[in-house]
Structure formats: C-alpha cells, structure tokens
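Asks: As numbered in the working numbering, residues 1 to 153 make up the sequence shown, in order. Ideal Cβ placement from N, Cα and C applies to all residues, glycine included. Computed from a prediction, not measured in an experiment: that's the story for all the values here.
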Amino acid sequence: MRTYKVAQGAGHPGDEQKLVDEEARKAGLPPARVPKLFTGTVWGEVQMPRENGACSNKVTFAPGARSAWHRHEGGQMLYGLAGNGLVVTRSGEVTRIFDGVVVHACPKEEHWHGAMPDSFMTHLSCELVGETEIYDEVTDSDYAAAVEKARSL
Ligand code: MN
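1) With a 10 Å radius around its C-beta and 16 neighbouring C-beta atoms as the bar for buried, classify Arg90 as buried or exposed.
2) Helix, strand or coil for Val88, going by three-state DSSP, please let me know.
3) Do the stretch 43-56 and the stretch 97-113 meet, that is, are 3 or more Cβ pairs less than 8 Å apart?
4) Span of the beta strand (DSSP E) holding Ala183?
5) Measure the C-alpha to C-alpha separation of Tyr79 and Ala27 and round it to an integer number of angstroms.
6) Applying the 10 Å Cβ sphere with the 16-neighbour rule, what's the burial state of Arg25?
7) Determine the closest residue to Glu45 out of Ser152, Tyr135, Asp142 and Cys126, with distance taken between C-alpha atoms.
8) Out of Leu81, Gly130 and Gly74, which one is the CA nearest neighbour of Ala115?
9) Can you give, in chain order, each stretch of the beta strand (DSSP E) that sits fully within the stretch 68-138 and has at least 3 residues?
10) Would you say Pro63 and Asp118 are within 8 Å of each other, going by their C-beta atoms?
11) Among all the DSSP beta bridges, which residues are the ones paired with Glu51?
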C-alpha cells in the first residue's frame, strides 16, 4: 500500500515546460513549447500517478477556469464532486457537471472541461490507458457561448 502527498497549485503546465526545456538543453536543441493545458487557476491533486497507463486526479477549477481542447486516447471518466461546471465536445454537445454527475469522454473524443463563471468546480478524473493530446485553448467567446448553452439546460 502507498499513500500520496497532495500536490496543489496551478503549476502543472509550467512544470512540464521546465522539464521539456531541460531535456532540450541537454540535447542541444532549441526549447520546444508545451501546449498549455489550462486557462485560469486550476489545482490538481494526484490520487494515483500514471503507472501502467492508468491515473486518477482530483482537479479543482476556479470560476471561469477551464482546460484547453484535448482528447484522451483511452477516454476519461469525470466524476463531479463539488461546485458547478461544464464539459463540452467539438460536436457542440454541452453537459453540466456537479456533485454526483458522471461524464464519460469517449476514447479520442475532443473536449474540454471547466468551471462555470460564478462557481468553482471539482471533479475526479480517471483514465485507464493512453496519452492525452492537447490542442488549442478555449477562447473567451467559445467559453461564453458554451456557458450560455449550459445555463439553458
Ligand atoms: Mn478530459
């Protein structure tokens, strides 16, 4: 049995960038850009680090904070724990997420998740296999449109 210390703060994307910079420097290559996973302040708590493909994280988004567009090779299960948020797919589907709601992002389905503008949102995130590919940031206007749609549900 193992226990894990909770890692808090919005530093995850920056930490990843530092690692890539260090690897590039060692290899004598110019620095590469790591796609930014989050807009706004997000706190991540590792519950089970990625080993053999699977991982589990508790993630809290400040009001208005959201992930970039991304997809999980093997899909992802999101379990709402607190607050109010939304999950949005490239096809335009918008789902609200809050305490007790389970949302599955299908394998390779492009989506983003985040908090509503007037609420924090905490979810559990579980992935079984594969990599996460990160794409473009969710613009303020796309975020606002998705929020409006979520409020109409
Ligand atoms: Mn996701």
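Replies: Straight from the coordinates:
1) exposed
2) strand
3) no
4) Lying before the first or after the last residue shown, residue 183 is absent from the chain, which here runs from 1 to 153.
5) 40 Å
6) exposed
7) Cys126
8) Leu81
9) 70-72, 76-89, 94-98, 102-105, 111-115, 121-127 and 132-134
10) yes
11) DSSP lists Ala54 as partners of Glu51.
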